[in-house]
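Asks:
Numbering (the numbering used here), first residue to last: 134 to 732.
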């Protein structure tokens, strides 16, 4: 199997159906497409008459003593110039329409690909490399620009030119025309032979591009880890190897193409030798005028140019259809999480959450959650603890419906979450996570991400409640300060407080705190915890935490082990029970004593 990362075998796709589907993107620009074809045909028609004017009229009618326009060189030159001017005008108009059409169609394709990606579920993104997705959105979509700009329109016009030129050639000299067409069947046969090989080579080149993009993305995203471990040379070596494979794939395509296509062009160019040889003999015999021979040779160039284009079409077709196939894999992907028809709106969530016999697995036969049943009352704060990999974050992902349960059901306010409108469900549940993500932009834009229309005063009030206002006011441009990718210009605690401000402004009815203070120092944790206490007031809250001391105020605490609830109760009840929670608490206490944090 050529590419295990793709669910659809590239050899099993009907390229013609992909071609028709790519072409369907022009339906929104029917008028411009029609105008493009009209002006291309007009340009081609004007071009077809140029050899007749330059050859027959100039040599046989204007320069020959017995010609109809003998001595009228100036008029003939003006006629030639007019023909060239008309051809130029039509070409300019055609080029301008073509540029608009190609750019806008590819724009539409990119939007469709990105929109389709946004509708896909977490399971899709967790199984794909970032570099692969970037390649599909940018590189593959851009390759279709050639399809619309230099590909499809010229297929039409070159087909017209070939038919028109052949008609003129047959009208001028039937026998000579048949002679120059002798290499064409062999050219078509070679095209058929090299097509599968080129298709394979382009597929291999795509895989190397995908891996190279993924490597660069990982290295740039994790550059701190690279620096911390001093692995710059390792990353350079990895890049050199990946870039080498990409270079080899490009060289293989170029080598193959530079061998096959010149051979095809050589076969095609033999027609020119036939014209000068046999045509020259006929001129000497008086059976063909010199002007007709010149015109015939010019027409031959016009015929061979489209034939050469059609031979290069093999390479173009292979590359474009491979890119189109990968794009449609994204567009046609069916999301795991979807909204049912007539879904319920959720104007206000009371926060009554029920889990009934819920089971879930990321991979078949590897369950992460086992038959969990739980009821969370409105306004209740539930702590969730357990070892790494026990299923704590998975439980939060299921409640927010980032994944769907395999068995059982989750209800909010008595209705299965699968029956709610997705936008309403996600807008009523807020999450503050350990790995805070901030977008490139201003601090104000990040805080108002959930409410883009928020008033500046609301943004400031949310920042004050999150304990972020003071440090924001010390920044160079205050709330208009630009932050880099993932908020790299801010400390971990500052990023976390901006994230909390974002959630406060969003004002969800149900709140999930997933290790919200796990990666900050004690002083910062106190500030963040104070902000969180204000945030969770009167909200149904799930708090996932490793530091058990942060859960003392929780109404109840769940202890999860291997995807099952093994204990549930208040902090004091679980300590008194001396079960799993007590053991975790004692283990943490001993770790702190060893580290000298407590005596």
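All C-beta atoms, glycine included, are put in the ideal place defined by N, C-alpha and C.
At the level of alpha carbons, what is the spacing between residue 606 and residue 581?
Replies: 17 Å
Asks: Pair every Cβ in the segment 626-636 with every Cβ in the segment 517-526, then say whether three or more of these pairs are closer than 8 Å.
Replies: At 8 Å Cβ cutoff, the stretches do not touch.
Asks: Between which two residues does the beta strand (DSSP E) holding residue 495 run?
Replies: 486-496
Asks: Is the beta carbon of residue 382 sitting closer than 8 Å to the one on residue 341?
Replies: yes
Asks: Does the structure place the segment 546-554 close enough to the segment 480-490 that three or more beta carbon pairs sit under 8 Å?
Replies: yes
Asks: Go to residue 180, then tell me how far its alpha helix (DSSP H) extends in each direction, as first and last residue.
Replies: 163-184
Asks: Quick one, are the C-beta atoms of residue 230 and residue 274 less than 8 Å apart?
Replies: no
Asks: With distance defined between alpha-carbon atoms, name the residue in 246, 490, 710 and 159 nearest to residue 504.
Replies: 490
Asks: Could you spell out where the beta strand (DSSP E) holding residue 504 opens and where it closes?
Replies: 499-509
Asks: So, at 6 Å on beta carbons, what are the nonlocal neighbours of residue 620 in its own chain, with the 5 sequence-adjacent residues on each side left out?
Replies: Confidence at residue 620 is low in this model, with a pLDDT of 48, below 50, so the placement of that residue should be treated as unreliable; the coordinate-derived value is given next. Excluding positions up to five away in sequence, the list reads 571 and 628.
Asks: Quick one: Cα of residue 310 to Cα of residue 217, how far?
Replies: 26 Å
Asks: In whole angstroms, what is the alpha-carbon distance linking residue 687 and residue 336?
Replies: 55 Å
Asks: Under 8 Å, with one C-beta from each stretch per pair, do the segment 702-718 and the segment 534-541 reach the 3-pair mark?
Replies: no
Asks: With a CB to CB cut of under 6 Å and the five nearest residues on each side skipped, what residues in its chain are close to residue 588?
Replies: none
Asks: Determine whether the beta carbon atoms of residue 473 and residue 561 lie at a separation below 8 Å.
Replies: no
Asks: Smallest Cα separation from residue 507: which of 517, 498 and 499?
Replies: Taking residue 507 as reference, the option from 517, 498 and 499 with the minimal CA-CA separation is 517.
Asks: What residue range is occupied by the uninterrupted alpha helix (DSSP H) comprising residue 250?
Replies: 206-252
Asks: Go ahead and pull the three-state DSSP assignment for residue 628.
Replies: helix
Asks: Counting Cβ pairs closer than 8 Å, one from the segment 691-700 and one from the segment 711-719, do we hit at least three?
Replies: By the Cβ rule, the segment 691-700 counts as touching the segment 711-719, because three or more pairs are nearer than 8 Å.
Asks: Pull up the distance between the alpha-carbon of residue 347 and that of residue 296, whole angstroms please.
Replies: If you take the alpha carbons of residue 347 and residue 296, they lie about 47 Å apart.
Asks: Let me make sure I understand the geometry here. Which of 312, 578 and 487 has the alpha-carbon closest to that of residue 400?
Replies: 312
Asks: How long is the line joining the alpha carbons of residue 469 and residue 502, rounded to whole angstroms?
Replies: Using only the alpha carbons, I get a separation of about 18 Å.
Asks: Using only CA atoms, which one of 329, 163, 324 and 423 lies nearest to residue 394?
Replies: Of 329, 163, 324 and 423, the residue nearest in Cα terms is 324.
Asks: Helix or strand or just coil, what does DSSP make of residue 420?
Replies: coil
Asks: Are the beta-carbon atoms of residue 616 and residue 610 separated by less than 8 Å?
Replies: no
Asks: What are the uninterrupted segments assigned as alpha helix (DSSP H) that are 4 or more residues long and contained completely in the segment 542-586, given in chain order?
Replies: 555-561 and 576-580
Asks: Span of the alpha helix (DSSP H) holding residue 597?
Replies: Counting along the chain, the alpha helix (DSSP H) containing residue 597 begins and ends at 589-598.
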